[in-house]
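There are 2 protein chains.
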Amino acid sequence: MAKKDKRTEILDAALVLFAENGFHGSPTSQLAQRAGVGVGTIYRYFSDKDELIRELYRDLKQKIGARIDESTPDLSMQERYVRMMTKFINYFVQHRNEFRFMEQYYFSPYSAEFDCSAPEENARIQQLLLAAREQGVVQDVSISVLQSLAFGPVIALVKENIYRDLDLDDEMIRQTVEATWTALEN
Amino acid sequence: MAKKDKRTEILDAALVLFAENGFHGSPTSQLAQRAGVGVGTIYRYFSDKDELIRELYRDLKQKIGARIDESTPDLSMQERYVRMMTKFINYFVQHRNEFRFMEQYYFSPYSAEFDCSAPEENARIQQLLLAAREQGVVQDVSISVLQSLAFGPVIALVKENIYRDLDLDDEMIRQTVEATWTALEN
DNA sequence: ACCTCCGGAGTGAACGCTCACTCCGGAGGT
DNA sequence: ACCTCCGGAGTGAGCGTTCACTCCGGAGGT
Numbered sequence: 001m002a003k004k005d006k007r008t009e010i011l012d013a014a015l016v017l018f019a020e021n022g023f024h025g026s027p028t029s030q031l032a033q034r035a036g037v038g039v040g041t042i043y044r045y046f047s048d049k050d051e052l053i054r055e056l057y058r059d060l061k062q063k064i065g066a067r068i069d070e071s072t073p074d075l076s077m078q079e080r081y082v083r084m085m086t087k088f089i090n091y092f093v094q095h096r097n098e099f100r101f102m103e104q105y106y107f108s109p110y111s112a113e114f115d116c117s118a119p120e121e122n123a124r125i126q127q128l129l130l131a132a133r134e135q136g137v138v139q140d141v142s143i144s145v146l147q148s149l150a151f152g153p154v155i156a157l158v159k160e161n162i163y164r165d166l167d168l169d170d171e172m173i174r175q176t177v178e179a180t181w182t183a184l185e186n
Numbered sequence: 187m188a189k190k191d192k193r194t195e196i197l198d199a200a201l202v203l204f205a206e207n208g209f210h211g212s213p214t215s216q217l218a219q220r221a222g223v224g225v226g227t228i229y230r231y232f233s234d235k236d237e238l239i240r241e242l243y244r245d246l247k248q249k250i251g252a253r254i255d256e257s258t259p260d261l262s263m264q265e266r267y268v269r270m271m272t273k274f275i276n277y278f279v280q281h282r283n284e285f286r287f288m289e290q291y292y293f294s295p296y297s298a299e300f301d302c303s304a305p306e307e308n309a310r311i312q313q314l315l316l317a318a319r320e321q322g323v324v325q326d327v328s329i330s331v332l333q334s335l336a337f338g339p340v341i342a343l344v345k346e347n348i349y350r351d352l353d354l355d356d357e358m359i360r361q362t363v364e365a366t367w368t369a370l371e372n
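Residue numbers (our numbering), protein chains in the order written: chain A, 1 to 186; chain D, 187 to 372.
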């Protein structure tokens with residue numbers, strides 16, 4: 001366990017506690033304890049608790065976006081879609097805390113007040129869907145409908161896995177992703 | 187505005203405030219004020235705030251279940267599915283507060299601790315999906331996958347409408363529901 | 001090589017405030 | 001007079017935030 005700087009230490013502790021107990025269930029005193037710092041130290045790095053939460057969101061958004069990205073433009077639309085969505089699921093199944101946190105943030109006053117943009121991880125797939133619609137590969141319907149058809153089932157499945165202990169194997173993931181493509185297709 | 191009993195008055199106020207400001211953002215003093223009762227009165231009807239929240243959940247779950255239910259067993263599986271899902275969407279688009287509250291409840295410590303059962307409104311459609319799988323009308327995959335494919339996009343769409351002000355018309359709803367059926371089909 | 005000084009990161013007891021919850025005096029019916 | 005129901009000031013626990021202080025590493029004088 002290499003010695004990390006305190007800022008990182010605090011953000012790491014915050015992710016775990018927020019995911020487990022929510023923003024309101026995680027007092028600064030607990031954050032400090034878990035991060036192995038004094039309470040006051042938190043306020044040296046973040047102007048207040050809200051700022052810490054927003055900062056954590058921004059960091060994760062970027063990190064996740066980079067991990068989902070797929071740089072294989074030679075493959076077919078379907079192939080690229082399937083790969084990215086599968087990556088998406090696997091990432092969050094292996095990083096439950098990040099999913100819990102992002103969900104919590106996304107549907108809270110924070111995101112409404114500030115950067116309303118959709119999570120970074122969606123951006124790539126949204127681009128793909130737009131291009132696919134242009135080419136007539138997927139249905140000519142509103143992007144919101146396409147996004148719902150693509151992400152809805154995938155997020156639902158991840159949620160069942162994370163919040164309801166659903167046993168999730170590769171076969172189920174494959175079936176779900178394939179089926180969402182069928183739903184999108186023209 | 188007919189005079190309702192205080193219990194109902196409190197629950198009605200709670201629904202609105204919880205939906206708008208969340209559980210933590212709705213102090214009992216505000217609940218009381220909005221319900222037109224004293225703070226103490228709340229505790230005559232509910233042992234504590236948590237109990238109130240759980241009670242509200244139970245009431246809504248039942249109410250919504252009854253409204254979504256479809257008693258037309260003569261129609262085809264697909265037809266019944268489409269009708270129920272469309273009802274589902276329309277209900278929540280017209281009862282945003284109920285959706286906001288249910289979402290909040292479902293993914294909070296409350297539901298994890300107590301009745302873990304899925305929301306009532308799912309039960310009917312789950313039955314339908316099971317029957318349809320039995321008949322070979324839909325894919326022979328795990329019920330969790332079927333549920334994700336069915337509800338995922340529908341909930342995603344409603345969320346976009348409620349939290350992100352997505353303009354939602356009948357055509358978009360139809361397209362989405364139709365596409366989810368395609369995803370389910372064998 | 002030693003000592004002195006200093007800047008600023010780090011700390012946590014203390015503060016002010018908000019909250020869920022209590023409790024008792026009074027209103028209103030019988 | 002009695003009983004039931006209600007209200008809202010009061011209470012203490014717990015929260016986010018502050019600030020006077022500690023501590024340590026390195027710069028600079030000798």
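Heads up, the beta-carbon is just placed ideally off N, CA and C, and yes, glycines get one too.
Taking one beta carbon from each stretch, the region 198 to 210 of chain D and the region 268 to 284 of chain D have 3 or more pairs nearer than 8 Å; the two touch.
Residue pairing for D:E195: DSSP places it in no beta bridge. The beta carbon of A:H24 falls within 8 Å of a beta carbon belonging to chain D, placing the residue at that interface. Neighbourhood of A:G136 in chain D, by CB distance below 8 Å: empty, with the nearest CB roughly 16 Å away. A distance below 8 Å separates the beta carbons of A:Q104 and A:F23. In this structure, the beta-carbon distance from D:V344 to D:V279 falls below 8 Å. No Cβ of chain A is located within less than 8 Å of the beta carbon of D:L315. Secondary structure remark: continuous alpha helix (DSSP H) runs of at least 4 residues inside the region 78 to 159 of chain A, in chain order: 96 to 106, 109 to 113 and 120 to 134.
Between A:E98 and chain D, the shortest Cβ-Cβ separation is not below 8 Å.
Between the C-alpha atoms of A:A35 and A:K63 there is a straight-line separation of about 21 Å.
CA-to-CA, the gap between D:A252 and D:F293 works out to about 22 Å. Out of D:E206, D:N207, D:G211 and D:T227, the CA that lies nearest to the CA of D:D191 is found in D:T227.
In terms of beta-carbon proximity, A:A123 stays away from the interface with chain D, with every pair separated by 8 Å or more. Looking at the DSSP output, D:E371 shares a beta bridge with D:V324. Taking CB atoms only, A:Y163 has a neighbour in chain D less than 8 Å away.
D:P213 and D:K235 have their C-alpha atoms some 9 Å from each other. Contact between D:S330 and A:E160 is confirmed by a C-beta separation of about 6 Å, below the 8 Å threshold.
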